[in-house]
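Q: There's a structure below that I have some questions on.
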Amino acid sequence: MNEAARGLDLFSLKGRVVVVTGAGGGIGAELARGLSAAGATIGLNGRRAAPLESLAADLPGSFALPFDITDESAGAEALGSVVERFDRLDALVCNAAMRDRRPLAEIEAYDHRRVLETNLVAPFQLARTAASYMVPQKQGRIVMMTSLAQDFASPGDAAYTSSKAGLAGLVRSLAVELGAHGINVNGIAPGLVATEVNQTLVERPEWQAMIRRTFPLQRPAAPAELAGAVIFLTSDASSYITGQILTIDGGASVRMFPRD
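So for the sequence shown, the working numbering puts the first residue at 1037; every next one is plus one.
Following this line, the structure appears as structure tokens:
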């Protein structure tokens, strides 16, 4: 931590190089916007180059970094190219994920493995590669996008729920192993977020009634409302925080027996 930094300076990411996976839209794009506004240079990852290039054009110093996170060699090559270009990698934000909502009887082992490969194995491998560059630097930040699903379950979501529970365990494991090297590893667990994918769902009257009844803030999060947490966890403001998962759910997980 920079001892001269005080107040808002603690949240500055000026000069930091950060890679964000799943940055082509939704939550990932808003995380990237927030990190860029705080001064970071962002490597924008996704499978398709076009949306990444479009976003990079709006974010000073940012650049498209297209690759499939489940392709181990492609991920290693991409992170290596970032270090070769900037001579550093300060933070990795693993945001990309997939979901397969189907009843247990319809989910085969192949389907489960596919979710695990994207949501758990790929972050493991990317963190492992990132750590190989951060250890010599004696500093770094790794942030995993987990979910309320790490602790709470709903029918027809076994693959996603188990993958996010595993990811929460990975956060704790990496924090313990990498802490001695000056690397902080933390997670962010969103509740319901009004992304484009979820928009139809949150607009249903029955869902709106449920949200008002069970969420103390009585609304889902906007994707941009997660950006402050990732700025915090990649900045000097969180220098003594590791192995933790910050829940951002409008209070849904702390409300007991909501009344009609």
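For glycine and all other residues, C-beta sits at the position ideal for the given N, C-alpha and C.
Source: prediction; values computed, not measured.
Just the Cα atoms here: how many angstroms apart are Ala1132 and Gly1043?
A: Approximately 31 angstroms, taken between the alpha carbons.
Q: Taking the alpha carbon of Gly1060 as the point to measure from, which residue in Ala1073, Gly1075, Leu1091 and Leu1049 has its own alpha carbon closest?
A: The residue with the shortest Cα to Cα distance from Gly1060 is Leu1091.
Q: In the DSSP assignment, find the beta strand (DSSP E) that holds Val1054 and state where it starts and stops.
A: Here the beta strand (DSSP E) through Val1054 covers Val1053 to Val1056.
Q: For Ala1167, which of Ala1141, Leu1125, Thr1106 and Tyr1146 has the nearest alpha-carbon?
A: It is Leu1125.
Q: Spatial neighbours of Leu1140 within its chain, please: CB distance less than 7 angstroms, with the 5 preceding and 5 following residues excluded, ordered by chain position.
A: Counting only Cβ-Cβ distances below 7 angstroms, and skipping sequence neighbours, we find Ala1194.
Q: Please report the distance separating the alpha-carbon of Ile1178 from that of Glu1089.
A: Rounded to the nearest angstrom, the two C-alpha atoms are 24 angstroms apart.
Q: Using a Cβ-Cβ cutoff of less than 6 angstroms, which residues in the same chain neighbour Ala1201 once the five nearest sequence positions on both sides are dropped?
A: Excluding positions up to five away in sequence, the list reads Gln1186.
Q: I need the DSSP call for Phe1103, collapsed to helix, strand or coil.
A: It is coil, neither helix nor strand.
Q: Report the rounded CA-to-CA distance for Tyr1169 versus Leu1203, giving the unit in angstroms.
A: Cα to Cα, Tyr1169 sits roughly 21 angstroms from Leu1203.
Q: Take the Cβ of Met1292 as the centre, count every other Cβ of all protein chains shown within 10 Å, and call the residue buried at 16 or more, exposed below.
A: With fewer than 16 other Cβ atoms within 10 Å, it is exposed.
Q: Between the alpha carbons of Ile1143 and Gln1173, how many angstroms are there, rounded?
A: When rounded, the distance between both Cα atoms is 43 angstroms.
Q: Ends of the beta strand (DSSP E) at Gly1079?
A: Per DSSP, Gly1079 belongs to the beta strand (DSSP E) from Thr1077 to Gly1082.
Q: Can you grab the Cα-Cα spacing for the pair Ala1127 / Gln1175, in whole Å?
A: Those two C-alpha atoms are separated by around 9 angstroms.
Q: Tell me which same chain residues have a C-beta within less than 6 angstroms of the C-beta of Ala1076, skipping the five on either side of it?
A: If we look at Ala1076 and ignore the five residues flanking it on each side, its Cβ neighbours are Leu1049, Arg1052 and Val1054.
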